[in-house]
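A.B. asks: My questions all concern the structure below.
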Amino acid sequence: MSSPVNLLLDLGTNLTWLNCRKIRLLTSLHAVSCKSSTCKSIPGNGCDVKNTCLYTQPRPLGTNPAVATGRVVQDNATIFTTTVGKPISIAPSRRFTFSCAVEKYLQGMAPPIAGVVALSPGEFPFWRQIASAYNVIPKFALCLPSTSRGLGYFYIGTHSFGGSNPVPMTLTPLKIDSGKYLISLTSIYVDGVPLTLDPSLLEGGAQPSTVVPYTVLQTDIYNALAQSFTLKAKNIGMSETPEHAPFKHCFEEGASGKTMDVSVMEIGLPGNGKEVRWRFQGANMVVRVSETVICLAFVDGGKKPTESMVIGTHQLENYLIEFDLSTTRMAFSDPLVLHNMSCSKQSSQK
């Protein structure tokens, strides 16, 4: 590709799909035959009148149209590789299977996105094809920046984030269910105090998402979090203001600014024989809607959602997260700010 292409990373999409008309230098692009073993091995495949393999899958944002259909194609992909302390090099190209979707399926996505990179635990996501082609460990890491202009981080195989100063990572079992990544919930804490919740509310687990903007919580969990958050906000001098959809709890911050003083939320997860905690604080807890007003950056997802918690991109910003399919575990870092780092700044040196 002669120029950068913006693509959406989606943990729920099984086959990468691109607006092929907008991407230049797809010089060896060819359609996959409906009778080929590749087509037959792709779940949800079909055929058109020209005997070309078609693939239909849900669109990441779930808006109309709810599904995207496109021709299954293949082209050569060039991959850049690196290891700690070594410069980036170009690996030999390999054939890559994806789908060409029309431009209407990009509606509702922030421009100038030209497609979706599949990162699901299915059979044909981008990471699995690369891991297989280059014989690397089937795992990938990502780090979402906190600004639209900031550089993020995505790596397949053993990552080198932080270079000679790697950040500590905490492990928890990873469950695969209906093409989704899930982690089990054992408890939820606010400022170190466990929320009083019916244990059955946590049975749905938590689903990390790279397309849901703000964490969605089951109603009772949301209400318990909001109550504790509001109490702390008032104690540090904030006052409640009218809600700003989709946020139900908003506060006048005042001229001094107290974003970093707001409540800390931790989710308890199973670790190696003991509970581990994933900590969310400061800017990951709130969103600014005006110069002096901030809102609790969580959304009420209703009484009976499929998952108790869908962890949105705002909460994932400036955390390093690794999905290791070789061990079926997920690893997550502390907030990178605690190490004087961010997704856009890997050096921990001041």
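In UniProt numbering, the protein residues as written are 1 to 350. Ideal Cβ placement from N, Cα and C applies to all residues, glycine included. Here the structure is a predicted model, which is why all the values come from computation and not from measurement.
Can you tell me whether VAL49 is buried or exposed? The criterion is at least 16 other CB atoms within 10 Å of its CB, across all chains shown.
C.D. replies: With fewer than 16 Cβ atoms within 10 Å of its Cβ, VAL49 is classed as exposed.
A.B. asks: Take the Cβ of LYS350 as the centre, count every other Cβ of all protein chains shown within 10 Å, and call the residue buried at 16 or more, exposed below.
C.D. replies: In this predicted model, LYS350 has a pLDDT of only 41, less than 50, meaning its place in the structure is not dependable enough to derive any value.
A.B. asks: Put SER348 into one of helix, strand or coil per three-state DSSP.
C.D. replies: Unreliable placement is indicated for SER348, whose pLDDT of 49 sits below 50; no coordinate value is reported for it.
A.B. asks: Rounded to whole angstroms, how far is the Cβ of ARG130 from the Cβ of MET330, which I believe are closer than 8 Å?
C.D. replies: Per the sequence shown, residue 130 should be read as Ile rather than Arg. Incorrect: roughly 19 Å between the Cβ atoms, too far for contact.
A.B. asks: Flag this pair as yes or no: are the beta carbons of GLY282 and VAL262 separated by less than 8 Å?
C.D. replies: Result yes, Cβ atoms of GLY282 and VAL262 sit closer than 8 Å.
A.B. asks: Quick one: what does DSSP say ASP261 is sitting in, helix, strand or coil?
C.D. replies: Three-state result, ASP261: helix.
A.B. asks: Assign MET1 to one of two classes, buried (16 or more other C-beta atoms within 10 Å of its C-beta) or exposed (fewer than that).
C.D. replies: Confidence at MET1 is low in this model, with a pLDDT of 43, below 50, so its placement is unreliable and no value can be given for it.
A.B. asks: Kindly identify the DSSP beta-bridge partner or partners of MET169.
C.D. replies: Beta-bridge pairing links MET169 to SER333.
A.B. asks: Quick check on this structure: which residue in TYR153, LEU195, LEU174 has the alpha carbon closest to the alpha carbon of ALA206?
C.D. replies: With distances taken between Cα atoms, ALA206 lies closest to LEU174.
A.B. asks: PRO65: buried (16+ other C-beta within 10 angstroms of its C-beta) or exposed?
C.D. replies: Classification for PRO65: exposed.
A.B. asks: Are the beta-carbon atoms belonging to ASN19 and ALA110 less than 8 Å from one another?
C.D. replies: Result no, Cβ atoms of ASN19 and ALA110 do not sit closer than 8 Å.
A.B. asks: Identify whether THR219 lies in helix, strand or coil by the three-state DSSP scheme.
C.D. replies: Helix, per DSSP.
A.B. asks: For LYS248 and ARG94, what's the separation of their Cα atoms in angstroms?
C.D. replies: Rounded to whole angstroms, LYS248 to ARG94 spans 49 Å at the Cα level.
A.B. asks: Take the Cβ of PHE140 as the centre, count every other Cβ of all protein chains shown within 10 Å, and call the residue buried at 16 or more, exposed below.
C.D. replies: Buried is the call here.
A.B. asks: In whole angstroms, what is the alpha-carbon distance linking ILE176 and GLY163?
C.D. replies: Cα to Cα, the separation comes out at about 30 Å.
A.B. asks: Is the CB-CB distance between SER120 and ASN6 below 8 Å?
C.D. replies: It is not a contact, given that the beta carbons lie outside the stated cut-off.
A.B. asks: Cutting at 6 Å between CB atoms, please list the residues of its own chain near VAL212, excluding the five before and the five after it.
C.D. replies: These residues qualify, in order along the chain: VAL310, GLY312.
A.B. asks: On a Cα-Cα basis, can you pick out the residue from PRO43, LEU54, GLU266, TYR189 that is closest to SER33?
C.D. replies: Of the listed residues, the one whose Cα sits closest to SER33 is LEU54.
A.B. asks: Where in the region 237–299 do unbroken runs of the beta strand (DSSP E), each at least 3 residues long, occur, reported from the N-terminal end onward?
C.D. replies: As far as the region 237–299 is concerned, its whole beta strand (DSSP E) runs of at least 3 residues are 239–241, 250–252, 265–270, 275–280, 286–288, 293–296.
A.B. asks: Please state whether the Cβ-Cβ distance between GLY12 and LYS274 is less than 8 Å.
C.D. replies: No, Cβ-Cβ distance for GLY12 and LYS274 is not below 8 Å.
A.B. asks: Classify PRO335: buried if its beta carbon has 16 or more other beta carbons within 10 angstroms, exposed otherwise.
C.D. replies: Buried.
A.B. asks: Roughly how many whole angstroms lie between the Cα atoms of PRO208 and THR186?
C.D. replies: Going from the Cα of PRO208 to the Cα of THR186 covers about 16 Å.
A.B. asks: Check ALA131 in the structure and name its three-state DSSP category.
C.D. replies: In the structure shown, ALA131 sits in a helix (DSSP, three-state: H, G or I).
A.B. asks: Under the three-state reduction of DSSP, which class applies to GLN57: helix, strand or coil?
C.D. replies: The answer is strand: DSSP assigns GLN57 an E or B state.
A.B. asks: Does PHE154 come out as helix, strand or coil in the three-state DSSP assignment?
C.D. replies: If DSSP states are grouped into helix, strand and coil, PHE154 belongs with the strands.
A.B. asks: Under 8 Å by Cβ, that's how I've got LEU225 and VAL190 pegged, so tell me the actual separation to the nearest angstrom.
C.D. replies: Rounded, the Cβ-Cβ distance is 6 Å, consistent with contact.
A.B. asks: Please identify the residue among LYS304, GLN227, PRO43, THR147 whose C-alpha is closest to the C-alpha of THR196.
C.D. replies: The shortest Cα separation from THR196 among LYS304, GLN227, PRO43, THR147 belongs to GLN227.
A.B. asks: Name the two residues that bound the continuous beta strand (DSSP E) containing GLN315.
C.D. replies: No beta strand (DSSP E) holds GLN315; the alpha helix (DSSP H) holding it covers 313–316.
A.B. asks: Between the beta-carbon of THR230 and the beta-carbon of GLU240, is there less than 8 Å?
C.D. replies: Against a cut-off of 8 Å, the Cβ pair of GLU240 and THR230 comes out as a contact.
A.B. asks: Quick one, are the C-beta atoms of VAL136 and SER99 less than 8 Å apart?
C.D. replies: Not a contact, by the Cβ cut-off of 8 Å.
A.B. asks: Can you tell me the Cα-Cα spacing of PRO194 and ILE188, whole angstroms?
C.D. replies: Each residue's Cα considered, the two are about 6 Å apart.
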